[in-house]
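First the structure, in the form of structure tokens, and then the observations on it.
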Amino acid sequence: LRGNARLTESNIQDALREVRMALLEADVALTRRQILLSPRSRSAPLARKVMGSLTPGQALVGVVNDELVKLMGEKNDALNLAAVPPAIVLMAGLQGAGKTTTVGKLAKLLKETQKKKVLEVSTDVYRPAAIEQLKLLAEQVGVEWFPSDGQQKPVDIARAAVDHAKRHFFDVLMVDTAGRLAIDEAMMAEIKAVHAAINPVETLFVVDAMQGQDAVNTAQAFNEALPLTGVILTK
């Protein structure tokens, strides 16, 4: 692309081929790749003049970024906390997706940007380390943690946490749930029972951004079991 003042179809074929290979290696679905690299979606931006100190290569990176943003969605929706306190946020997803860490990050965000009084609880009775991790995260971000252990049932933990949050005037209750290495009926039955017991205002699906096309199948399975209200991509 050196020596060119404009991006055109003819002078960027090699660069776009690299982009196409990168998308393929990232396991991006064929239909998404076709939309991103279709002549119609790129014809307008590719004809624009390279401005200022940008090289054509840098400008192309900007074009690809813009198209990715359009494809993924151009805005982040805020959490819906319009409920009689506590507003309950339930986290769902496979093991290792980053649910527990995300609970800590969201709690920190709500505390610092919206001055919310946040309570965290883990219903993952299968991994004591997950309960301890959430406790440590709560301490690190300066929010409260509701104790639980492996001898309790997830539904009982969730109900007790809701009762505690109400009695102590918490604004938000963040509920972490158990994950599995793969979708299974027992997992879905359990999280459906927790959801029914506490009626969360937000049910967020947490997924590893590096999972690839299989993330769609996982999301569909969770969405069939739960009324998902949002998705969080982690890495």
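Number 29 in this note's numbering belongs to position 28 of the sequence shown; there are no gaps in the numbering. Ideal Cβ positions, reconstructed from N, Cα and C, are used throughout, including at glycine. Being a predicted model, the structure only gives us computed values, none of them experimental.
Throw me the rounded Cβ distance for the residue i and residue j pair, which I believe falls under 8 Å.
i    : j    : result
R160 : A222 : Not really, about 25 Å apart at Cβ, beyond 8 Å.
V119 : V173 : 5 Å
L135 : T101 : 5 Å
Does DSSP put residue i in a helix, in a strand, or in coil?
i    : result
I158 : helix
V126 : coil
G231 : strand
M239 : Residue 239 is absent from the structure shown; the chain starts at 2 and stops at 236.
A79  : coil
V208 : strand
Can you tell me whether residue i is buried or exposed, with buried defined as 16 or more other CB within 10 angstroms of its CB?
i    : result
N218 : exposed
F170 : exposed
L205 : buried
P148 : exposed
Check whether the Cβ atoms of residue i and residue j sit closer than 8 Å, and answer yes or no.
i    : j    : result
L176 : I233 : Strictly speaking, residue 176 in this sequence is Val, with Leu absent from that position. The answer is no: Cβ separation not under 8 Å.
P155 : E121 : no
G94  : G180 : yes
L91  : P201 : yes
T230 : T178 : no
A16  : L61  : yes
K112 : G143 : yes
Apart from the five residues just before and just after residue i, which ones in its own chain have a Cβ nearer than 8 Å to its Cβ?
i    : result
V208 : G94, L95, A98, A216, T219, A220, V232, I233, L234, T235
Leaving out five residues on either side along the sequence, give the residues of the same chain with a beta carbon under 7 Å from the beta carbon of residue i.
i    : result
K71  : none
I158 : V122, T124, S149
Given residue i, which residues of its chain have a CB within under 6 Å of its CB, disregarding the five upstream and five downstream residues?
i    : result
A226 : M189, K193
W146 : E121, K136, A139
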